[in-house]
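Just so you know, my numbering puts 1014 at position 140 of the sequence shown, and the rest follows in order with no gaps.
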Amino acid sequence: MVMIIGAGPAGSYTAYLLAKKGIDVQVFEEHNIIGEPFACTGIITGILSNHFKPPEEVILRKIDSSRIFSPSGDYVDVGLKNDVVLDRAKLDRHLAKIAQEAGAKYFLGKRFVDCAKDRDIWKVRIYDREKGGTETMMTDALVGADGPLSRVAKSAGIYGERKFYTGIQVTAEAENDGFIEFYPKGKDIAWFVPAEKGKARVGIAALERPDEVFRRFVRERLGQDYEKKVVARQAGLIPLYNPKIKTEKDGVYLVGDAATTAKATTLGGINQSLTGAMCLTEAILSGKSYEKLWKKRMGRELRIALLMRKAMNKFSDEDYEKLVNIFKKEKNRKLLENYERDAPSKFAFKLALREPRLLGFARFML
Ligand SMILES: Cc1cc2nc3c(=O)[nH]c(=O)nc-3n(C[C@H](O)[C@H](O)[C@H](O)COP(=O)(O)OP(=O)(O)OC[C@H]3O[C@@H](n4cnc5c(N)ncnc54)[C@H](O)[C@@H]3O)c2cc1C
């Protein structure tokens, strides 16, 4: 039996892929309702269709263009290919539904407490929120798909060192012209993302003083009276990729944010959670090393994104002004439009060849 902790995208997609192959899968989720609460803007590249075709109700809208702002308010418009904004709660529920249809069993309101290895078997303690008691269960394989603060990782002794961005966003009534707006600034990122009709997700991710960064940005973008426009609030942690973290130990596996696989440049993590789920399924079915499989598939791009993030964290306002100017050039903008955000290495290399001025920025990566 494979026991999966967490019914987010990483847990449910792993459950679906394994159950489809006839494996006995049980998923334990601490909340009573799948997909709630969530903290996610829901932007994903066209790469989603490499995994599965989401039903229409999961897609809030397609996005054709992004607008990247410099600190002074200058901007460059960059076309996007196949990007969509997802309804994140519906995505989680869709994945859980197809996993259950494939045979996975779900247990809601059940929280993973800890685990201990007894010969070849993992003994796992699960807390039942309704009954208020703890039950011990046995499993051969334990999957920690339990998000950035993974208790599974802590209990199995593979939590490692983690650094987090704090993401804070509101869904607010806001007119928009269909552009995703990005505001990179120092170590922080801010965004305005069109969502349901007449509404947008407005938020920030920051390493330090996130409340302050959020209040400043939301006032700037929505006005001093922004509170009146807010219809929902979300907040959550986003792990910074740490290549040193072990994601596999004696039949315990970490996948998705539990494995810190969010991309350090944009801080998106849904695609990597789904890719991790595919690699984990292959590893469990074939006996190959899970860590080798996923690192071969996305380790290089995650490392490059981390290097780019480290460089961006050192940029001054002036550097961002220069960058926006560089991207305003037609040939560079075109390159950016053809850039797969999930594969930053190809783009960085081509751009450096075309625009030698960018090599000046390479000093920040050292
Ligand atoms: C503000 C914000 C905006 C974001 N925007 C985007 C975006 O636009 N695009 C993108 O690609 N990514 C985005 N992300 C990142 C994305 O949300 C994550 O990468 C993604 O959710 C990771 O999926 P996961 O399944 O690994 O973890 P999660 O979605 O965190 O799921 C973990 C699940 O485990 C459950 N759980 C936790 N502990 C236990 C326990 N002890 N027992 C049982 N169950 C447990 C949780 O309840 C949850 O259901 C954003 C994140 C934030 C915070």
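For glycine and all other residues, C-beta sits at the position ideal for the given N, C-alpha and C. Nothing here was measured: the structure is a model prediction, and the numbers come from that model.
query                                                                                                                       : result
Three CB pairs or more closer than 8 Å across the stretch 891-910 and the stretch 1035-1045                                 : no
Where the beta strand (DSSP E) containing Ile995 begins and where it ends                                                   : 995-1002
Beta-carbon gap between Tyr980 and Ala990 smaller than 8 Å                                                                  : no
Val1044 versus Arg962: straight-line alpha-carbon distance, rounded                                                         : 14 Å
The stretch 938-951 contacting the stretch 1078-1088, beta-carbon criterion three pairs below 8 Å                           : no
Delimiting residues of the alpha helix (DSSP H) encompassing Gly1150                                                        : 1144-1160
Other residues of its chain near Glu1122: CB distance less than 6 Å, five sequence neighbours each side excluded            : Tyr1164, Glu1165
Residue burial classification, Arg993 (beta-carbon count within 10 angstroms, cutoff 16)                                    : exposed
Distance CB(Lys1059)-CB(Leu1081) smaller than 8 Å                                                                           : no
C-alpha gap between Thr888 and Leu1148, whole angstroms                                                                     : 8 Å
Under the three-state DSSP convention, the category Gln900 falls into                                                       : strand
Cut-off 7 Å between Cβ atoms - residues of its own chain near Ala1046, not counting five sequence neighbours on either side : Lys1073, Ala1074, Val1076, Leu1096, Tyr1100, Lys1103, Val1104, Val1105
Start-to-end residues for the alpha helix (DSSP H) that takes in Ser886                                                     : 883-894
Glu1156 versus Gly1052: straight-line alpha-carbon distance, rounded                                                        : 39 Å
Nonlocal neighbours in the same chain, by C-beta distance under 7 Å from Met1186, ignoring five residues either side        : Pro1058
C-beta atoms of Leu1210 and Val1026 nearer than 8 Å                                                                         : no
Which of helix, strand or coil DSSP assigns to Met877                                                                       : strand
Residues near Val932 in its chain [Cβ-Cβ closer than 8 Å; skip 5 each side]                                                 : Leu960, Asp961, Lys964, Leu965, His968
Bounding residues of the beta strand (DSSP E) (the contiguous stretch that carries Lys1073)                                 : 1073-1080
Near ligand 1: Gln827 beta-carbon under 7 Å from a heavy atom                                                               : For the chain, the structure presents residues 875 to 1240; residue 827 sits outside this window and is missing.
Per-residue DSSP class, three states only, for Lys1123                                                                      : strand
Glu904 Cβ short of 7 Å to ligand 1 heavy atom set                                                                           : yes
beta-carbon Pro929 near ligand 2 non-hydrogen atom, thresh 7 Å                                                              : Of the ligands this structure carries, namely ligand 1, none is ligand 2.
Contact test: Ser1147 Cβ vs ligand 1 heavy atom, cutoff 7 Å                                                                 : yes
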